[in-house]
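Asker:
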Amino acid sequence: MVREHIDALRSGMQRRGALDALSATIDRAVDLDKSRRETIQAVEERKAARNAVSQQVGQRKRAGESADDLQRQSRALGEEIARLDRELAETEAELSAIMLELPNVTLEQVPAGGEENNAVVRSWGTPRQGARIEPHWEIGARLGLIDFERGAKISGSGFIVFRREGARLVRSLMNLMLDVHTSQHGYEEEWVPVVVNRASMTGTAQLPKFEEDMYALRDGEGFLIPTAEVPLTNLYRDEIIPEGELPKALTAYSPCFRREAGAAGKDTRGLLRVHEFDKVELVRFVAPETSGDQLELLTGHAEKILQLLELPYRVVRLASGDTGFASAHTYDLETFAPGVAKWLEVSSCSNFTDFQARRANIRYKPADGGKPRFVHTLNGSGLAFPRVIASLLEHHQQEDGSVRVPDALRTYLGAERLG
RNA sequence: GGAGAGAUGGCCGAGAGGCUGAAGGCACCGGUUUGCUAAACCGGCAUACGUGGAAACGCGUAUCGAGGGUUCGAAUCCCUCUCUCUCCGCCA
């Protein structure tokens with residue numbers, strides 16, 4: 006597996022700007038793979054011999070003869086086997102640990118290099134410039150929609166209380182997004198646990214590399230999900246999906262929990278970076294040949310929500326070095342928040358190719374009856390609430406300080422304006 | 001939380017230390033036959049890894065919930081864990 010794609014792997018790491026750091030690791034993986042195969046051959050040869058000897062023991066015993074010599078021989082083989090098995094287990098443990106630390110290889114259309122090579126591929130709407138627009142935390146506090154102080158009091162910094170129409174706004178966003186994705190985009194709606202086990206976190210590649218970013222339960226086995234991507238994708242862990250069911254599209258609302266360790270001081274004000282937030286997530290399981298097109302489709306589904314909310318946005322193709330660990334191709338959706346004068350990332354739509362499918366062992370059975378193959382998985386936020394709310398409050402702020410409610414939200418919110 | 005029962009191939013279900021990768025049935029695929037949306041009969045039908053081969057496929061190893069142990073040899077015996085079911089308790 007490693008050895009067949011070793012060149013692609015190297016150039017992939019190069020494009021991420023990570024080859025220097027990983028070159029020695031890749032060399033080690035190649036060595037381990039070689040030694041793994043040698044050990045397997047050695048141990049299986051001995052196992053074959055032991056099986057043959059044991060058979061003879063059985064035959065002799067049934068014939069009422071002694072088989073002491075054969076039993077001695079077999080025991081000696083057994084000791085060798087035990088030793089080689091231990092050796093093999095160590096090799097495989099180290100190899101798989103390395104494999105879990107290697108990021109996905111990005112696709113051809115993804116530019117090499119870091120953030121500076123990110124590219125806006127299209128945009129929609131017109132950002133509001135100048136004007137005297139308050140930042141969302143001022144609007145939210147003034148209108149009594151968001152209570153930052155009490156959020157901090159009851160839970161800590163980075164936890165938010167939405168109140169009155171603010172609370173209803175959250176509920177409205179959830180309903181609008183789920184309704185659009187299920188009735189217009191063909192997603193199946195799910196409601197999933199927000200606590201998942203270690204296997205699930207490993208399946209979607211949050212573990213082992215990003216454990217310190219996660220909230221773990223006291224038992225060390227349960228984790229609060231950082232995104233509904235984890236439970237949704239792991240729904241089909243260790244399963245084989247009939248090809249006829251592809252593409253399979255799932256959506257779910259969930260709260261998301263992130264420790265944001267190491268992000269201290271960045272975007273700490275307001276709703277831009279919080280420890281618990283709400284999000285509607287989109288996940289697709291697709292045939293490998295289609296995943297490129299499917300990413301465009303999924304990105305469009307997320308964009309649709311921004312259009313309905315009448316928020317200007319741009320679609321950014323991330324360069325290799327800025328693309329997430331598990332992703333092969335990512336579009337970020339950024340909406341402009343004029344109060345803070347920033348483009349806010351409200352969705353990240355990714356094609357993971359077979360990276361998660363391999364870890365989570367998610368396959369599909371081809372319709373022609375062939376062997377099961379790994380699916381490709383994709384996901385994207387559709388969308389994350391807090392930054393949408395920030396942009397919504399700021400972009401739709403009126404001269405009189407109130408906030409206009411976009412048409413699509415009015416029936417959900419039961420109001421045409423906030424304030 | 002307490003007590004008990006269980007986990008075998010896509011499904012049902014035998015098996016109780018060697019002859020079991022695993023009987024039998026169902027489902028599925030191929031074929032034969034019968035004058036008609038079906039039956040009968042014959043055959044096929046797991047996965048992973050390693051190895052040989054251009055390939056068809058061959059050979060080897062492993063897999064009976066997971067991991068360990070006993071043994072020359074484990075689906076079968078022992079230990080630990082996970083999950084499911086039943087009863088009791090508790091509870092939104």
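Residues 6 to 424 in my numbering are what the first sequence spells out, letter by letter. All C-beta atoms, glycine included, are put in the ideal place defined by N, C-alpha and C. Source: prediction; values computed, not measured.
1. Name the two residues that bound the continuous beta strand (DSSP E) containing Pro434.
2. Give the C-beta separation of His186 and His306 to the nearest angstrom, bearing in mind that I take them to be a contact with Cβ-Cβ under 8 Å.
3. Contact between the stretch 261 to 269 and the stretch 392 to 400 is defined here as three or more beta-carbon pairs at a separation below 8 Å; is this criterion met?
4. Is it buried or exposed for Gln211, if we count other Cβ within 10 angstroms and need 16 for buried?
5. For Leu105, which residues in the same chain have their Cβ closer than 6 Å to its Cβ, ignoring the five residues on either side in sequence?
6. Do you know offhand how far Gln134's Cα is from Pro231's?
7. Can you check whether the CB of Trp129 is closer than 8 Å to the CB of Tyr318?
8. Report yes if the C-beta distance between Val62 and Ala72 is below 8 Å; otherwise report no.
9. Is Val48 near Leu89, with beta carbons less than 8 Å apart?
10. I need the DSSP call for Gly387, collapsed to helix, strand or coil.
11. If I measure Cβ to Cβ from Asp412 and keep anything under 7 Å in the same chain, skipping five residues before and after, which residues do I get?
12. Taking all protein chains shown into account, decide if Thr416 is buried (16 or more other Cβ within 10 angstroms of its Cβ) or exposed.
13. Can you give the Cα-Cα distance for Ile31 and Asp218, rounded to whole angstroms?
14. Give the secondary structure of Arg417 by DSSP, where H, G and I count as helix, E and B as strand, and everything else as coil.
15. Would DSSP call Val48 helix, strand or coil?
16. Check whether the stretch 164 to 184 and the stretch 268 to 286 touch, using three or more Cβ-Cβ pairs below 8 Å as the test.
17. For Ala102, count neighbouring C-beta atoms within 10 Å of its own C-beta (all shown protein chains included) and say buried if the count is 16 or more, exposed if not.
18. So is Trp348 buried or exposed if we call it buried at 16+ other beta carbons inside 10 Å?
19. Just verifying my parser: in three-state terms, what is the DSSP assignment at Gly227?
20. Look up Pro260 in the DSSP assignment and say whether it is helix, strand or coil.
21. Return the first residue and the last residue of the alpha helix (DSSP H) that Ser188 is part of.
22. If I'm right that Glu402 touches Ile159 with Cβ under 8 Å, what's the distance once you round it to whole angstroms?
23. Go to Val235, then tell me how far its alpha helix (DSSP H) extends in each direction, as first and last residue.
24. With Lys284 and Ser259 assumed to form a contact (beta carbons below 8 Å), what rounded beta-carbon distance in angstroms separates them?
25. Closest by CA to Leu255, which one among Gly375, Gly208, Glu195 and Glu113?
26. Would Phe330 pass as a contact of Pro132 if the rule is Cβ separation under 8 Å?
27. Verify whether the separation of the beta carbon atoms of Leu397 and Leu316 is less than 8 Å.
28. Identify, in the order they occur along the chain, each residue of the same chain with its Cβ nearer than 6 Å to the Cβ of Asn122, setting aside the five sequence neighbours on each side.
29. Give the straight-line distance between the Cα atoms of Val351 and Ala94, rounded to the nearest whole angstrom.
30. Do you know whose CA, among Thr209, Val321 and Pro293, lies nearest Ala365's CA?
31. Determine the DSSP secondary structure at Gln114, reduced to helix, strand or coil.
32. State the CB to CB distance for the pair Asn356 and Ser296, rounded to an integer number of angstroms; the pair is presumed to be in contact (CB under 8 Å).
33. Helix, strand or coil, according to DSSP, for Glu195 in the structure here?
34. Distance, Cα to Cα, Phe341 vs Thr96?
35. Looking at C-alpha atoms only, which residue of Leu27, Tyr336 and Gly161 is the closest neighbour of Gln299?
36. Since I believe Val197 is in contact with Leu222 (beta carbons under 8 Å), could you give me their beta-carbon distance rounded to a whole number of angstroms?
Answerer: By the coordinates alone:
1. What the structure shows of the chain is the stretch from 6 to 424, and residue 434 is not part of that stretch, so it cannot be assessed.
2. 6 Å
3. no
4. buried
5. Pro213
6. 33 Å
7. yes
8. yes
9. yes
10. strand
11. The beta carbon of Asp412 lies closer than 7 Å to none in the same chain, with the five residues before and after it left out.
12. exposed
13. 25 Å
14. In the sequence under discussion, the amino acid at residue 417 is Tyr, which differs from the Arg named in the question. In this structure, Tyr417 counts as helix in the three-state DSSP scheme.
15. helix
16. yes
17. It is exposed - the Cβ of Ala102 has fewer than 16 other Cβ atoms within 10 Å.
18. buried
19. strand
20. Pro260 carries a strand assignment under DSSP once its states are collapsed to helix, strand and coil.
21. For Ser188, the uninterrupted alpha helix (DSSP H) run begins and ends at Glu170 to Ser188, by DSSP.
22. The sequence given here has Gln at residue 402, not Glu. Not confirmed; about 28 Å, so no contact.
23. Glu234 to Asn239
24. 7 Å
25. It is Glu195.
26. no
27. yes
28. Pro116 and Ala324
29. 43 Å
30. Thr209
31. coil
32. 5 Å
33. strand
34. Each residue's Cα considered, the two are about 50 Å apart.
35. With distances taken between CA atoms, Gln299 lies nearest to Tyr336 out of Leu27, Tyr336 and Gly161.
36. About 17 Å separates the two Cβ atoms, so there is no contact after all.
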